[in-house]
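If you use our numbering, the sequence shown corresponds to residues 985 to 1341, in order.
Ideal placement from N, C-alpha and C gives every residue a C-beta, glycine not left out.
Bear in mind the structure is a predicted one, so any value in this text is a computation, not a measurement.
Heads up, the thing below is written out as structure tokens.
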Amino acid sequence: MSPVTKSAVQFIGQSPEIVALRQEVERVARSDAKVLITGESGTGKEIVANAIHAYSPRAGNIFAPVNCAGLPETLLESELFGHVKGSFTGAYRDKPGKLESAHNGTIFLDEVGEMTLRMQGLLLRFLETGELQKVGADGGGRVVNVRVITATNRSLRDMILQGAFREDLFYRLNVINLVVPPLRERREDIPLLAEYFLSRFKEANVSPIESISPDAVKALIEYTWPGNVRELENVIERLVVTVMRDAVQLEDLPSEIRAHDPVSLRPKRERRRTVADDLYKRLIEGKESFWTTVYPLFMDREITRTNVREVVRRGLEEARGNYKIVARLFNMEPRDYKRFLNFLRKHDCQIPFKEYR
985 MSPVTKSAVQ
995 FIGQSPEIVA
1005 LRQEVERVAR
1015 SDAKVLITGE
1025 SGTGKEIVAN
1035 AIHAYSPRAG
1045 NIFAPVNCAG
1055 LPETLLESEL
1065 FGHVKGSFTG
1075 AYRDKPGKLE
1085 SAHNGTIFLD
1095 EVGEMTLRMQ
1105 GLLLRFLETG
1115 ELQKVGADGG
1125 GRVVNVRVIT
1135 ATNRSLRDMI
1145 LQGAFREDLF
1155 YRLNVINLVV
1165 PPLRERREDI
1175 PLLAEYFLSR
1185 FKEANVSPIE
1195 SISPDAVKAL
1205 IEYTWPGNVR
1215 ELENVIERLV
1225 VTVMRDAVQL
1235 EDLPSEIRAH
1245 DPVSLRPKRE
1255 RRRTVADDLY
1265 KRLIEGKESF
1275 WTTVYPLFMD
1285 REITRTNVRE
1295 VVRRGLEEAR
1305 GNYKIVARLF
1315 NMEPRDYKRF
1325 LNFLRKHDCQ
1335 IPFKEYR
């Protein structure tokens, strides 16, 4: 964790959408109000949070990001609030949490919708009192001054209706809502982003690439980018590593980008089906396990919930609605069946099986 400077924050783009977002960030940064950043996976929500901190009076202090989806509940509690020596196995010393370390700075809670209800309660209590309750500590703790910024790619309002997110916490967090547009809604920024990533990755790799051909740029612009900016970044990095000439040509691009049909007015769903088709083929024909193929990509946010649901839907069609058969098709051990269902429920990827019977 370290202070974030304005120069370290990359807001790449000249589209009306990104210009408006940049202006809103600069306005929001002047206050201490809580901000909830929403948008699809891969759109750059952490960059927006970084920018709010960098333009704020807190910029000289710590910016502390925490991925709420990447840690189980007990570790997340310790990560946020800290713990005292002996509070659990492996707690050999007192450890400050991110909230304490970011005193007078900013904490960014990414994927806040993945918090358990218990953790939501602990966060709500902190927001109300500013007091840290370390794991294993008796009584109240230090009061800290931290600006809280959160982000999610889920609909928290829908989660409230499902009983999966606390309404009182939602209103605490949603003082200001910033929506980060998906890449397909700011296509004019794609060449600028591609050029930026190309320049950045060339510095770290020995590459002869100097430019991207007009045909390749056109294909990049027409593709719908279900993985958004993160997907574009990954594509450019792959090109820098694999292309051994001075200009990227159309045939160098991944097949799903080259195969894009610009006539379609709703290609987003088609592209997501293509991602799911590739994953499904790896499971069924390649005999790869769901846990080594789909699960890590989803947890690393390289694919979306829609991709996972489409893979599951394909499996249910083949298995005539039987989730146990789906688990076998996806090359899981019998003991993994409950784990599979729990994963689908937790991440809202489960599909009603009756319509496939």
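- Straight through space, the alpha carbons of glycine 1026 and arginine 1289 are spaced by roughly 12 Å.
- The beta carbon of glutamate 1084 is closer than 7 Å to those of Gly1066, Leu1116, Arg1126 and Val1128 in its chain, skipping five residues each way along the sequence.
- Fewer than three beta-carbon pairs drawn from the segment 1032-1045 and the segment 1138-1156 are found closer than 8 Å, and the two stretches are therefore not classed as touching.
- Cβ contact annotation for methionine 1099 (same chain, cutoff 6 Å, sequence separation greater than five): Cys1052, in chain order.
- Closest in alpha carbon position to serine 1195, among Leu1055, Asn1045, Lys1271 and Phe1181, is Phe1181.
- Counting along the chain, proline 1280 sits inside the alpha helix (DSSP H) bounded by residues 1279-1283.
- Judged by pairs of C-beta atoms under 8 Å, the segment 1195-1204 does not touch the segment 1016-1031, as fewer than three such pairs exist.
- For valine 1164, the secondary structure class from DSSP, reduced to helix, strand or coil, is coil.
- Annotation for threonine 1090: the continuous beta strand (DSSP E) segment containing it runs 1090-1094.
- Judged by DSSP secondary structure, arginine 1312 falls within the alpha helix (DSSP H) whose first and last residues are 1307-1313.
- Annotation note: the segment 1123-1177 contains the following uninterrupted beta strand (DSSP E) runs of length 3 or greater, listed N- to C-terminal: 1131-1136 and 1160-1163.
- Contact annotation: the segment 1163-1174 does not touch the segment 1039-1059, with fewer than three C-beta pairs closer than 8 Å.
- In the three-state scheme derived from DSSP, where H, G and I count as helix and E and B as strand, glycine 1066 is classed as strand.
- Below 8 Å, too few C-beta pairs join the segment 1089-1103 and the segment 1006-1014 to call them touching: fewer than three.
- Counting only the Cα atoms, leucine 1101 lies some 20 Å from lysine 1082.
- A Cβ-Cβ contact shorter than 9 Å links leucine 1020 with threonine 1134.
- By DSSP's assignment, proline 1049 forms a beta bridge with Phe1092.
- For threonine 1022, the enclosing beta strand (DSSP E) covers residues 1019-1022.
- Per DSSP, the beta bridge partners of glutamate 1115 are Val1127.
- In the same chain as tryptophan 1275, and ignoring 5 residues on each side of it, the C-beta atoms closer than 8 Å to its own belong to Met1316 and Asp1320, in chain order.
- Isoleucine 1196 is bridged by DSSP to Val1232.
- Scanning its chain for C-beta atoms nearer than 6 Å, with the 5 sequence neighbours on each side dropped, one finds around arginine 1138 the residues Gly1097, in chain order.
- In this structure, DSSP gives lysine 1338 a helical state, which the three-state scheme calls helix.
- A straight-line Cα-Cα distance of about 33 Å links asparagine 1212 and phenylalanine 1110.
- Contact annotation: valine 1130 and alanine 1188 have beta-carbon atoms that are not nearer than 9 Å.
- Between the C-alpha atoms of tyrosine 1264 and aspartate 1236 there is a straight-line separation of about 24 Å.
- For a cut-off of 8 Å, the C-beta gap from threonine 1022 to threonine 1208 is around 20 Å, too long to register as a contact.
- Beta-bridge annotation (DSSP): proline 1318 is not paired with any residue.
- For the pair leucine 1108 and arginine 1156, the CB atoms are nearer than the 9 Å cut-off.
- Using a Cβ distance threshold of 9 Å, glutamate 1172 and methionine 1103 do not count as a contacting pair.
- DSSP, reduced to helix, strand and coil, places lysine 1271 outside both helices and strands of the structure shown, so it counts as coil.
- In the three-state reduction of the DSSP assignment, proline 1000 falls in the helix class.
- Per DSSP, the unbroken alpha helix (DSSP H) holding glutamate 1294 starts and ends at 1289-1303.
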